[in-house]
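**Student:**
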Amino acid sequence: MSEVDVGHFCLFLEAPFKQFVVIVKGSCAEVRSQLFTALDVGYLTQNEHRELDEMASEVARIVGGLLASLRRGEGK
10 MSEVDVGHFC LFLEAPFKQF VVIVKGSCAE VRSQLFTALD VGYLTQNEHR ELDEMASEVA
70 RIVGGLLASL RRGEGK
């Protein structure tokens, strides 16, 4: 089971929101890793990989900002 699946199940376990965001951040890294695997085996072209990796990177930055805000207590 990938971390993406784990994050999905956390919603049903009613885990605290901050913990869920930490899992999502890890899932972003996993997606980026899986994109490299897809590139290596030929499922993606260089251009497709670059575009998808940029999107995944942007999501990771957004999630990182949310997590930083939660850790500072701004999400109360």
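Quick note on the working numbering: the sequence shown kicks off at 10 and runs consecutively.
For every residue, glycine included, the Cβ atom is placed at its ideal position computed from N, Cα and C.
Owing to the predicted nature of the structure, the values given are computational and were not obtained by experimental measurement.
Between the stretch 47-60 and the stretch 70-80, do at least 3 Cβ pairs fall closer than 8 angstroms?
**Tutor:** Contact between the stretch 47-60 and the stretch 70-80 is absent, because fewer than three Cβ pairs lie under 8 angstroms.
**Student:** Three-state secondary structure (DSSP) at residue 51?
**Tutor:** Coil, per DSSP.
**Student:** Any idea what DSSP makes of residue 23, helix, strand or coil?
**Tutor:** Its pLDDT being 49, under 50, residue 23 is placed unreliably in this model, and the value from its coordinates should be taken loosely. Coil at residue 23, not helix or strand.
**Student:** On a CA-only basis, which of 54, 72, 80, 81 is nearest residue 35? Give me that one, please.
**Tutor:** For the residues 54, 72, 80, 81, the minimum Cα distance to residue 35 belongs to 72.
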